[in-house]
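Here's what the structure looks like:
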């Protein structure tokens, strides 16, 4: 395998599983990422709601790969792909490759309303999570100091846009914060008067789940004092309100805190390779891949995870979840190793859906395991086990367990810090 | 005690011990802080060097005080004291008081060279610590990508200015990072070639310690590959170098990372009350207090901790450490409670020096317990016990213990994250 250089862009679930597979086989591989850490995104909402610290769900990429001498980590920003000369273009140089795996993931999108981002932060990075945490905690602080009842009400109104797993988990955690964690913390306000509104454009929350589980999840979040508004379209977001359209009727809700858990948009690298190879881009900016995850005419370029649209198996794109990315990363790495050994091209990629899990507040969850659908605390135990198992480092597993155990017993959250270079004034 | 309102500015060691004492006695007390958390500053260097997460050493003030209904927390910036009208002036309002405890602490000072701050960050807040961590980790990343040997050398040169406990602890931790933690992490550089220089203007490191312990500490840091330069004055710091003057001779050392652990300057609130009361300010901006910690002519105003210069006992100001602030906070709170009960004014403040501890890298420390002076791992065990005991919340004690245990066994550090809104380019 000497001399063959693999480059991987992105150290998320897809890129990490690919680089580990290749490194274990002794292949010369370079992992390029803007961040020095792999982030366990499914638990990012717990950082945003003060339950965990960022480091508990982030593992330094160099640390993960330190034992594999053929693997190299490059902290750099990939700005494009020079398909013809086979190199990844960085903001300050380039990396040559013989095989390339694109796993740069996605960020939020505001469906043409980029001006909403300022008022409705999303949740993709550690910085997003500490920013969201700051916004949530500062809203309670501002309410405590506000004397005008209407303004105070707006500070105590939280609107979560998008009721996929992240939105549902955020709403549930906010319910717990308001009714449990902060109950005795204030003197002028009663945090239990907090209004939490979960807005979803589809007809039910967790729209990709079976209707029975969606309904169960809705009952669970409502028990946590969350108001669910389905079939509701956001038409406007500004500094002090959100406007919803429900069956043709518009309502404006005064609020100072809007959390965005709706659309995602693939990394702009997808566009770069699509233009060079003639592959199609979908509405989420994902590049359409071949059955073997490569790009048309470019068997040396794989696109995986949130960056790729793979529709052969089910007729529509695979879900943008960790297991899709992991399975595709392993597939791409294996395909490269096979070629290097001179073996025949492997079979088309096949996604094995292990099911879906979403946690909804304290000790409740919904689990769609395909062969069985459960909700309540048995689902939560499965959720707990699966998440702990997939956290990358043993130490983090222990730290997360200690904090969850403590939170479960005391209803307290360990990481309720307001940080940021300018934590005041409260007026954001 | 009805109707008597106490205001406390600052939720550090001094303010927190005072507010707890007053709250337990049922006194109406308002704690004003810019931050929502009490920070365990003695371990801040462990956040800066990736051993702990910020939340492990920070406890929400509201959480600490939630059970005391007569205590109130105000997240606000105190900008001055209106001594005549007895109110604390905030950036957005004011708080009236009958008794006031000033415990606003200190920040860094650059001895008239404020332009150094950009190149030589200090360590006082959570943001300072994550910024310093980012600088340290990015320096290694930049060295890995740098091909020019001289420039690479500058990236791998770390200069710590000031060899008090923080400087010594930082230097020792950097030695461990370079020679242990990161040993297998890079491919182009050998982190063991890192140069760590600890600069001190006095004749020895830990100048406030007995000479025997200073010498022991110096041997310990040198074992961690730290170069000690005592009697060395910093005359210039810029983007790419530090200039030292040693016995009249100037040397310029190329470096990209300078960490500031030298001077402190009391909060500007000290000046505000000094001007209003005629109390003297010292060179560190501290206000000179009376034997009972009050200001001349103002028995209702106490100044404690890093904000106060109390020189009656030893002829020079008490050290700016946690135990000074804690004892003064308790004294001030007790004095207020006595007055409210109509009891006679208490005796002058008396500082009981329990001794000093500084940890120097892995399992070594120096301890000056007054009646005995020890160094090495027995001192480290004492250091460990005392620090764990003083961490405010039980959960944090457990989390810190787990991480220290893990670090001790694996030589790994749990929180090596590069965070910040713009983590790249490497050029800072």
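Chains as they are written, first to last, in this note's numbering: chain A, 135 to 562; chain B, 135 to 562. Just so you know, even glycine gets a beta-carbon here, dropped at the ideal spot from N, CA and C.
With residue i and residue j assumed to form a contact (beta carbons below 8 Å), what rounded beta-carbon distance in angstroms separates them?
i, j, result
"residue 378/B", "residue 357/B", "Not really, about 23 Å apart at Cβ, beyond 8 Å."
"residue 187/B", "residue 527/B", "Rounded, the Cβ-Cβ distance is 14 Å, inconsistent with contact."
"residue 158/B", "residue 202/B", "7 Å"
"residue 430/B", "residue 412/B", "6 Å"
Is residue i helix, strand or coil by DSSP?
i, result
"residue 411/B", "helix"
"residue 170/A", "coil"
"residue 489/B", "coil"
"residue 438/B", "coil"
"residue 181/B", "helix"
"residue 464/A", "helix"
"residue 562/B", "Note on residue 562/B: pLDDT 43, under 50, position unreliable in the model; no value is reported."
"residue 549/B", "coil"
"residue 315/B", "helix"
"residue 274/A", "helix"
"residue 241/A", "strand"
"residue 147/B", "helix"
"residue 394/B", "strand"
"residue 247/A", "coil"
"residue 361/B", "strand"
"residue 542/A", "helix"
"residue 234/B", "strand"
"residue 428/B", "strand"
"residue 381/B", "coil"
"residue 554/A", "coil"
Considering only residues of the same chain and omitting the five flanking positions on each side of residue i, which have a CB-CB separation below 6 Å?
i, result
"residue 178/A", "257, 263"
"residue 298/A", "none"
"residue 562/A", "Per-residue confidence for residue 562/A stands at a pLDDT of 44, beneath the threshold of 50, marking its modelled position as unreliable; the derived number appears in the next sentence. Around residue 562/A: no qualifying Cβ."
"residue 320/A", "278"
"residue 152/B", "142, 235, 463, 466, 467"
"residue 149/A", "142, 237"
"residue 284/A", "none"
"residue 503/A", "489"
Near residue i, which residues of its chain fall below 7 Å by C-beta distance, leaving aside the five closest residues on each side in sequence?
i, result
"residue 452/B", "444, 458, 485"
"residue 266/A", "182, 255, 257, 393"
"residue 371/A", "250, 253, 254, 392"
"residue 207/B", "165, 195, 196, 199"
"residue 419/B", "399, 400, 404, 405"
"residue 211/A", "168, 224, 225"
For the alpha helix (DSSP H) that contains residue i, what are its first and last residues?
i, result
"residue 352/B", "345 to 357"
"residue 307/B", "299 to 310"
"residue 198/B", "195 to 199"
Terminal residues of the continuous beta strand (DSSP E) containing residue i?
i, result
"residue 502/A", "499 to 502"
"residue 447/B", "Looking at the DSSP string, residue 447/B is not in any beta strand (DSSP E), and its letter there is neither H nor E."
"residue 370/B", "366 to 372"
"residue 139/B", "139 to 143"
"residue 524/B", "Taken as a continuous stretch (DSSP letters only), residue 524/B belongs to no beta strand (DSSP E), being part of the alpha helix (DSSP H) at 511 to 524."
"residue 283/A", "Run containing residue 283/A: none in the beta strand (DSSP E); it sits in the alpha helix (DSSP H), 283 to 289."
"residue 189/A", "Element bounds for residue 189/A: n/a, residue is neither H nor E."
"residue 257/A", "Residue 257/A -> no beta strand (DSSP E), and no H or E assigned at all."
Inspect the beta-carbon positions of residue i and residue j and report whether they are closer than 8 Å.
i, j, result
"residue 462/A", "residue 435/A", "no"
"residue 492/B", "residue 185/B", "no"
"residue 547/A", "residue 315/A", "yes"
"residue 536/B", "residue 543/A", "no"
"residue 584/A", "residue 171/A", "In the structure displayed, chain A extends from 135 to 562; residue 584/A sits before or after that span and is not available."
"residue 233/A", "residue 470/A", "yes"
"residue 552/B", "residue 308/B", "no"
"residue 351/A", "residue 506/A", "no"
"residue 494/B", "residue 337/B", "no"
"residue 441/A", "residue 404/A", "yes"
"residue 240/A", "residue 406/A", "no"
"residue 380/A", "residue 365/A", "yes"
"residue 529/B", "residue 343/A", "no"
Closer than 8 Å by C-beta to residue i: which residues in its own chain qualify, once you throw out the five before and the five after it? Chain order, please.
i, result
"residue 391/A", "269, 270, 273, 289, 291, 292, 293"
"residue 355/B", "302, 305, 306, 309, 332, 339, 362, 494, 495"
Nearer than 7 Å: is that true of the beta carbon of residue i relative to any heavy atom of the ligand ATP?
i, result
"residue 149/B", "In the structure on display, the ligand ATP does not appear, and there are no ligands present to speak of."
In the stretch 198 to 224 of chain A, which residues sit with their C-beta less than 9 Å from some C-beta in chain C, listed in chain order? Annotation note: the requested chain C is absent from the structure, which comprises protein chains A and B.
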